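Novice: Take this structure first; my questions come after.
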Ligand SMILES: C[S@@+](CC[C@H](N)C(=O)[O-])C[C@H]1O[C@@H](n2cnc3c(N)ncnc32)[C@H](O)[C@@H]1O
């Protein structure tokens, strides 16, 4: 999983949409920023660049293994402001109220059983007037060119339903922030687009095929036929994959 997060983070189209969202929040020099569900620290390193030496970045994750990897990678980051990485559950943040200028969760809420509980905690630790931002994919809106459209939908929707608490999380984010009591909610919709089968996309689709077999959605030979269909589309230069990302931001009322 750590390698997958880093590969996604390096993919140019993904880096662009992640950074566009951070500017949309916005995160500015001197900010104290919390990232919930920081994984290997892909976003933490972007945040460190944005907040500069006067700022502070705190990442929390419930996985100690991913945090260990994040510590190594963040140590390697050249220009480092104050970065702290801690094990914590987003639903019980170990911080005082009003501690941060901004609290963010990037591709995390779709994995969470109680999204409102996590967002309420993010609101609690943000100062009045500060920003709470969440960005997620929406697995109801994935377009892939493939000769077998029905099989593609069976695999993509079937696997998403198994692995995410809410596969349609993206479109629900503005409503989630409103329910958590935030003001001035804004939405940035962005698209991950790949026409060449980037390494991350290839691994993502291979993992979908593997998981479709392990969840009993298709058998191994059908999964292989599906992957062969993708290879054929790529060879024809006809491959397109798009995945929508929704980034919502609200302000904590004074
Ligand atoms: C898809 S990764 C995203 C990592 C990082 N935000 C990024 O964009 O590269 C989701 C992360 O959320 C973490 N996570 C999921 N539920 C969590 C929770 N309730 N509290 C803290 N972390 C959580 C997982 O351990 C994982 O590292």
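Residue numbers (the working numbering): 608 to 861. Using N, Cα and C, we set each Cβ at its ideal position, and we do this for glycine too. A quick note: this is a predicted structure, and the numbers were derived from the prediction, not measured.
Please state if the CB of residue 659 and the CB of residue 637 are separated by a distance shorter than 8 Å.
Specialist: Sequence index remark: in the chain shown, residue 637 carries index 30 (1-based). Sequence index remark: in the chain shown, residue 659 carries index 52 (1-based). Yes.
Novice: What's the C-alpha gap between residue 633 and residue 740?
Specialist: Looking up residue 633 in the chain shown gives position 26. Looking up residue 740 in the chain shown gives position 133. The alpha-carbon atoms of residue 633 and residue 740 are separated by roughly 9 Å.
Novice: Do you know whose CA, among 810, 767, 716 and 834, lies nearest residue 782's CA?
Specialist: Residue numbering aside, residue 782 sits at position 175 when the chain shown is read from its first letter. It is 716.
Novice: Answer with buried or exposed for residue 738, where buried requires no fewer than 16 other C-beta atoms within 10 angstroms of its C-beta.
Specialist: As a working mapping, residue 738 is identified with position 131 in the chain shown. By the neighbour-count rule (16 or more Cβ atoms within 10 Å), residue 738 is buried.
Novice: Does at least one heavy atom of ligand 1 sit under 7 Å from the Cβ of residue 718?
Specialist: For the purposes of this step, residue 718 is taken as residue 111 along the chain shown, with counting starting at 1. Yes, ligand 1 has a heavy atom inside 7 Å of this Cβ.
Novice: What's the gap between the Cα of residue 735 and the Cα of residue 858?
Specialist: Here the question's residue 735 lines up with position 128 in the chain shown. Here the question's residue 858 lines up with position 251 in the chain shown. Those two C-alpha atoms are separated by around 8 Å.
Novice: Whole-angstrom Cβ separation of residue 816 and residue 830, contact assumed at under 8 Å?
Specialist: On the chain shown, position 209 is the one that residue 816 refers to. On the chain shown, position 223 is the one that residue 830 refers to. 4 Å between Cβ atoms; contact.
Novice: Less than 7 Å separating the Cβ of residue 713 from some heavy atom of ligand 1?
Specialist: Stepping through the chain shown from its first residue, residue 713 is reached at position 106. For ligand 1, at least one heavy atom lies less than 7 Å from the Cβ of residue 713.
Novice: Determine, using beta carbons only, whether residue 647 and residue 673 come nearer to each other than 8 Å.
Specialist: Against the chain shown, residue 647 aligns to sequence position 40. Against the chain shown, residue 673 aligns to sequence position 66. Contact flag set, yes.
Novice: Classify residue 760: buried if its beta carbon has 16 or more other beta carbons within 10 angstroms, exposed otherwise.
Specialist: Reading the chain shown from its first residue, position 153 is the one you call residue 760. If you draw a 10 Å sphere on the C-beta of residue 760, you find fewer than 16 other C-beta atoms in it, and that means exposed.
Novice: Taking the alpha carbon of residue 814 as the point to measure from, which residue in 797, 776 and 767 has its own alpha carbon closest?
Specialist: Residue mapping note: residue 814 aligns to position 207 of the chain shown, counting from 1. That would be 767, whose Cα lies nearest to the Cα of residue 814.
Novice: Quick one: Cα of residue 847 to Cα of residue 803, how far?
Specialist: By 1-based counting over the chain shown, the position of residue 847 is 240. By 1-based counting over the chain shown, the position of residue 803 is 196. C-alpha separation (whole angstroms): 8 Å.
Novice: Just confirm the distance between the C-beta atoms of residue 667 and residue 645, as a whole number of angstroms; I'd bet it's less than 8 Å.
Specialist: Position 60 of the chain shown holds residue 667. Position 38 of the chain shown holds residue 645. That belief holds up - the Cβ atoms of residue 667 and residue 645 are roughly 6 Å apart, short of 8 Å.
Novice: Let's see if you can read the secondary structure: which residues bound the alpha helix (DSSP H) around residue 689?
Specialist: Locating residue 689 in the chain shown gives position 82, where the first residue counts as 1. Residue 689 -> not in any alpha helix (DSSP H); beta strand (DSSP E) instead, spanning 689–694.
Novice: Output the boundary residues of the alpha helix (DSSP H) element that contains residue 649.
Specialist: Stepping through the chain shown from its first residue, residue 649 is reached at position 42. 649–658 is the extent of the alpha helix (DSSP H) around residue 649.
Novice: Can you tell me the Cβ-Cβ gap for residue 750 and residue 676, rounded? I've got them flagged as a contact below 8 Å.
Specialist: The sequence position of residue 750 within the chain shown is 143, counting from 1. The sequence position of residue 676 within the chain shown is 69, counting from 1. With a Cβ gap of about 32 Å, residue 750 and residue 676 do not count as contacting.
Novice: So, at 6 Å on beta carbons, what are the nonlocal neighbours of residue 639 in its own chain, with the 5 sequence-adjacent residues on each side left out?
Specialist: For the purposes of this step, residue 639 is identified with residue 32 of the chain shown, where counting begins at 1. If the five residues before and after residue 639 are omitted, its C-beta is found closer than 6 Å to the C-beta atoms of 663, 707 and 708, all from its own chain and listed in chain order.
Novice: Any heavy atom of ligand 1 within a distance shorter than 7 Å of the CB on residue 681?
Specialist: Locating residue 681 in the chain shown gives position 74, where the first residue counts as 1. No, ligand 1 has no heavy atom inside 7 Å of this Cβ.
Novice: CB residue 819 to CB residue 770, shorter than 8 Å?
Specialist: Sequence index remark: in the chain shown, residue 819 carries index 212 (1-based). Sequence index remark: in the chain shown, residue 770 carries index 163 (1-based). No, the pair does not count as a contact, with Cβ atoms beyond the cut-off.
Novice: Assuming residue 650 and residue 729 are in contact, meaning their beta carbons sit under 8 Å apart, how far apart are those beta carbons, in whole angstroms?
Specialist: Locating residue 650 in the chain shown gives position 43, counting from the first residue. Locating residue 729 in the chain shown gives position 122, counting from the first residue. That pair is no contact at about 14 Å.
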